[in-house]
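Asks: First residue of the sequence shown: 7, per this note's numbering; consecutive thereafter.
Virtual Cβ for every residue (Gly too), placed ideally from N, Cα, C.
A quick note: this is a predicted structure, and the numbers were derived from the prediction, not measured.
Please read through the structure below; I'll follow up with questions.
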Amino acid sequence: MVCATGVDVRKGLDAHTDQEVELELAVDLAGPIHVARAFLPRLRPGGVIALFGGFGDGTLALPYYSVDVAARAGLAGFCSAVNRELAAEGRAELLCYVGPAPADTAAERPFADLWRRAGSALAPPEKVADFVLAALLARKTKAVMGASTRLLLLLQALAPPLADLVIARRIGPHLRHAFGASGRASD
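What follows is the structure, given as structure tokens:
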């Protein structure tokens, strides 16, 4: 089972409306929780539900994505907590938090140059699908696509101040240019 819902409001926190905050939390956090609640009881033993998140494993806090990052971090924590519940109950079902690479879709195509400058080119949708399928078949609880994203996660784990510096100096200016003061939304 795969739940790939999501919405991005790409702008600074102070530019978000109340409605945008509510929408992101509803779609990116509450929606997958409801999907898991509805389908976990119906999975065959050992089944896996992949819930699309992003921002690596849910912990990469990128500027101009603050509300989305909060929702995805919550979703990653939800997956971990439910997996521990399932293990405590002796069940073999799992939730897999998936952090796909940005896919070459209508929603991401306008940002292709931005992603390339930030070090993460768009991935063909079929490669994303293959990655998700491999994660499901391997029964992973977390799956992060993209070498540069995994490297940044490792840096964040080993040297958080250095990761902050990389994000602030290497990625942040590109995101500020694209989504700063005016901000743009995309679904």
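Among Pro-166, Leu-164 and Ala-140, whose alpha-carbon lies nearest the alpha-carbon of Val-54?
Replies: Comparing Cα positions, the closest option is Ala-140.
Asks: Near Ala-191, what residues of its chain come up, given a Cβ to Cβ distance below 6 Å and the 5 sequence neighbours on each side ignored?
Replies: Its pLDDT being 48, under 50, Ala-191 is placed unreliably in this model, and the coordinates cannot settle the point.
Asks: To the nearest angstrom, how far is it from the Cα of Ser-154 to the Cα of Gly-125?
Replies: C-alpha separation (whole angstroms): 7 Å.
Asks: Would you tell me roughly how many angstroms separate the C-alpha atoms of Lys-148 and Glu-28, rounded to the nearest one?
Replies: Roughly 26 Å between the two C-alpha positions.
Asks: Identify, in the order they occur along the chain, each residue of the same chain with its Cβ nearer than 8 Å to the Cβ of Tyr-70, setting aside the five sequence neighbours on each side.
Replies: Excluding residues within five positions, the ones whose Cβ falls inside 8 Å are Arg-16, Lys-17, Gly-18, Leu-181, Arg-182, Ala-184, Phe-185, Gly-186 and Gly-189.
Asks: Using a Cβ cut-off of 8 Å (strictly closer), state whether Met-151 contacts chain B.
Replies: You won't find chain B in this structure, because it holds only one protein chain.
Asks: Under the three-state reduction of DSSP, which class applies to Gly-18: helix, strand or coil?
Replies: It is coil, neither helix nor strand.
Asks: Check whether the Cβ atoms of Leu-57 and Leu-101 lie closer than 8 Å to each other.
Replies: Yes, these two residues count as a Cβ contact at 8 Å.
Asks: Pull up the DSSP beta-bridge partners for Leu-100, would you.
Replies: Note: Leu-100 sits in a beta bridge opposite Val-54.
Asks: Looking at the unbroken alpha helix (DSSP H) that takes in Lys-199, where does it start and where does it end?
Replies: Because the chain here runs from 7 to 193, residue 199 falls outside it and cannot be looked at.
Asks: At the level of alpha carbons, what is the spacing between Met-7 and Thr-23?
Replies: Using only the alpha carbons, I get a separation of about 33 Å.
Asks: So, helix, strand or coil for Val-13, using DSSP?
Replies: Note: Val-13 maps to coil in three-state DSSP.
Asks: Between the alpha carbons of Arg-156 and Glu-95, how many angstroms are there, rounded?
Replies: Rounded to the nearest angstrom, the two C-alpha atoms are 31 Å apart.
Asks: Under 6 Å Cβ to Cβ from Leu-35, same chain only, skipping five residues before and after it: list those, please.
Replies: Closer than 6 Å at the Cβ level, and outside the excluded window around Leu-35, lie Ala-77, Gly-80 and Leu-81.
Asks: To the nearest angstrom, how far is the alpha carbon of Leu-160 from that of Asp-20?
Replies: Cα to Cα, the separation comes out at about 30 Å.
Asks: Using three-state DSSP, classify Gly-105 as helix, strand or coil.
Replies: In the structure shown, Gly-105 sits in a strand (DSSP, three-state: E or B).
Asks: Where does Ala-127 sit, in a helix, a strand or coil, going by DSSP?
Replies: Ala-127 falls in the coil class under three-state DSSP.
Asks: Decide if Ala-165 is buried, meaning its Cβ has at least 16 other Cβ atoms within 10 Å, or exposed.
Replies: That one is exposed.
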